[in-house]
């Protein structure tokens, strides 16, 4: 008896010890969780304020040991942080002695920079548009040396012994260093400027250590959450058929996404994002490159940071599309297995639902998420968080959801959409926390662990940036825009319903179908009378997530329609669940008249949505690279009016009739589902069919063929492979006439005149290409007339040559211009025939192009193959038979031209500025100008966008947009070299421009020093 009592006492002692041990273990675990969570969160919060290594760049002109000659100098921002300039008296006197207006020193055009100019014996100094000093030079025998120091507090000017202080005067802008003086006259002129580059930073050792601590804390937090208890809720079980029954659907989706990477269209920012990433790979800082003074993309730079290393491997479009394609495949598995496997587990694995999911996801993904924009990352992340929260049975899933959410937010402003599933599933998150741990302290500890993991997003944002950098970038972005308030959200839908690529028919489909079905699902759930309650709850959840995500889009600062791509996974999930809900409601025995009314009303909504969607054009960014059908809309394959809501009502009625005939019953509630599925499938067919047809319709310039050549090892320089450059050659000499008759016949035309003086010819009349010139704009555009030039000697032409003239005014619609060819004979010239050279300026056929402008001079001509055989003479015949404001014509004499490949022509030229709409299409153009440390390189070649995109491309050189290459406008002196798309001169692919600036390119010295800085008290550089 005593022995039994002893053992019982021993067992009680051991049990108590184990209980105490368990309590101690829990307390230790809680303490560790609190410690890890607090450390991870605090480090993430402190990271933006930790000092960094800042780059300070100083520019000195002229470079030491070099003569004083004019030089390009593109500062971005335009106003340096500090500027010092010195002009010796000898230079000022030399300018005065030359007489007239002489620029001694200028950092910008007159009235926009620091300008010292002499005229009539007076030296005038301007800072911007302000005249700060007027000093007579004649008669001054003392020191007239001029020195300028400008900084954050103002400008101090010293002229000889006189000092002028301008408190608060901003630092002058710098677009160049210019002087009209010869180098020996300008000796002694110097300018030193420290650039304003608040984003040129790198992490300090302390910051690197803290980054490591934060990442380690997040890793430990994930491990601690994984050790937590799972809830007792029954896990989701997916009823799936054998894998071989559905594997072919997976293979089909993967195959379509892979094929889409080859044939798919561009997105509007492919060039922008690619160039930002290229420059970031070179400089280490993700700046905007084209505008906003190269402001950092902080806090949404993660997608460019991920893209940057890929650009160092290859710039081939197919390679750069790899991430979005992989993300598309991953999103397919997340939606089909993760989301739908939890949302509708009873049917998610069936062939029908897999096919339905494929149609819905492809309809939502293909038109938006191919390329290098951030939406594919956001779509994948938001869908993944939804799947993790829906399937969560413990803290580990919440931890992974926090990690994904934290990494999605730094990708793009649309990353905010990741909050949608978190908001809707907040009750479930709270329930998991309560069931997984005991007591408030343990709950608090696990919440801190989740926050610690989510703080990885702060680490991604501030790894090499500071809070000041974020504030400054946000200030610049807001200043230049677009940065629209929430109430401008209707603009996004206005763009979606527009008649350009933002309102493409297939981009409308997933959005409008979702908007049409949201009220249908909402009402069905609200009036549920019969049917599975779990399907109703599922539909309510998915609808809630989609509605919340659409509401969160109101908070994003830009309102372009391409942001809908971030909802691709949500759209697909919702459409599938909506169809399942209506199908199950139709089979429910209690389906009543209310459900039928909802079905009829929903059918009308979906029919209207489908008709409105297909009323849009099949338009895509940069139509030069694909010739798709229905580009101007509406979409009507073989004449079928897909833009008619009546057609979709007929489709729904026919489907219901077919179901009734097969199953002897029909429910109107299924009508919206049938029409939605048909519309989504039709959109996918239209997308694939039209983009497959594009290279067949016009192989030249085809992006699909470029990608195929990349795969097969063929030519792979993108659009450059199909562009021909037509540089000018020698001007042809007139030879008069043989026999009687005037050398030239002019009626209503005037030699060396007759053009719009606001648009001068290529060279001054009587020189160069304008050695011979005639025009009919004499006094009034109502003037008419005819002109026949003298004969010009035409040498034998090679296959890669031709003859060209420059024209201004209109060459058609009542006017006429031909090149007439002949052969010299003893008795005169025998005419061999006339040819009409092609002029790309045509009447407006597409409202997107704007009205034609006939006034600029342009080169038109003929290839050698078009010239009559045996011709050795050519002359010009022109007719002006119109009296409208554009009804005049001017033309130069003929000259030779060559036909050269684009890549061949660029060899040895450069560096190159590729306009952002074009930048994705020229992978072989590697010598692009750099932008870093508050400076942009000066380009010698510019690849400009097509005319219809000129307004967008112009931000690069616009001061009011913070264009980093704004100096091109006052000083660039760009002229266009004629080009054409091979075989299709009517296609406006863009333009090739060369700089005629005689100034030395970036002939200054710039030195960069590195020093610790918190960047916390620096001032903004004013208005740039």
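In this note's numbering, the protein residues as written are 351 to 1374.
All C-beta atoms in this analysis are idealised placements derived from N, C-alpha and C, irrespective of residue type, glycine included.
Check	Outcome
First and last residue of the uninterrupted alpha helix (DSSP H) at residue 620	620-633
Residues near residue 1148 in its chain [Cβ-Cβ closer than 7 Å; skip 5 each side]	1214
Any chain C beta carbon closer than 8 Å to residue 779	The structure shown contains no chain C; it holds only a single protein chain.
For residue 682, three-class secondary structure by DSSP	helix
Spatial neighbours of residue 872 in its chain, beta-carbon cut-off 7 Å, leaving aside the 5 residues before and after	893
Sheet register partners of residue 1217 (DSSP bridge)	None; residue 1217 has no bridge partner.
Given residue 1247 as reference, the closest of 437, 1288, 1152, 646 once Cα atoms are compared	1152
Length of the line joining the Cα atoms of residue 704 and residue 596	7 Å
Span separating the alpha-carbon of residue 753 from that of residue 1339	44 Å
Assigned secondary structure, residue 1375 (DSSP; H/G/I helix, E/B strand, else coil)	Here the chain comprises residues numbered 351 to 1374, so residue 1375 is not present and cannot be evaluated.
Residue from 1050, 618, 1272, 1349 whose Cα sits closest to the Cα of residue 1332	1050
Secondary structure, beta strand (DSSP E): runs of 3+ residues fully inside the region 697-732	none
Closest by C-alpha distance to residue 652, when choosing among 724, 1203, 1358	724
Under the three-state DSSP convention, the category residue 932 falls into	helix
The region 745-760 in contact with the region 704-723 per 3-pair CB rule at 8 Å	no
Per DSSP, cross-strand counterpart(s) of residue 1362	403
Rounded straight-line distance, which links the Cα of residue 485 to that of residue 457	20 Å
Neighbourhood of residue 706 by C-beta distance below 7 Å, restricted to the same chain and skipping five residues each side	926, 929, 1027
Where residue 998 falls: helix, strand or coil (DSSP)	helix
Backbone secondary structure at residue 1325 - three-state DSSP	strand
Nearest-angstrom Cα separation, counted from residue 905 out to residue 422	41 Å
Proximal residues to residue 1250 (C-beta, below 6 Å), its chain only, five neighbours per side dropped	1075
contact_flag[the region 1035-1054, the region 598-615] where n(CB pairs < 8 Å) is 3 or more	yes
Residue 1245 beta carbon less than 8 Å from that of residue 1080	yes
Any beta strand (DSSP E) of 3 or more consecutive residues that is wholly inside the region 776-823	none
C-beta atoms of residue 1097 and residue 1243 nearer than 8 Å	no
Buried or exposed by the 16-neighbour rule on C-beta atoms within 10 Å, applied to residue 827	buried
Residue 1315, DSSP secondary structure in three states	coil
Which of helix, strand or coil DSSP assigns to residue 1268	coil
Contact check, residue 1167 vs residue 1224, beta carbons under 8 Å	no
Environment of residue 637 [buried if 16+ CB atoms lie within 10 Å]	buried
Residue environment, residue 1176, which counts as buried when at least 16 other CB atoms sit within 10 Å	exposed
Where residue 1325 falls, given that 16 or more other Cβ within 10 Å makes a residue buried	exposed
Distance between residue 980 and residue 1048 (C-alpha atoms, nearest Å)	15 Å
Close Cβ partners of residue 1387 (< 7 Å) along its chain, the five nearest in sequence each way excluded	For the chain, the structure presents residues 351 to 1374; residue 1387 sits outside this window and is missing.
Nearest-angstrom beta carbon gap, residue 1005 and residue 960 [assumed within contact, 8 Å]	Not a contact, Cβ separation roughly 13 Å.
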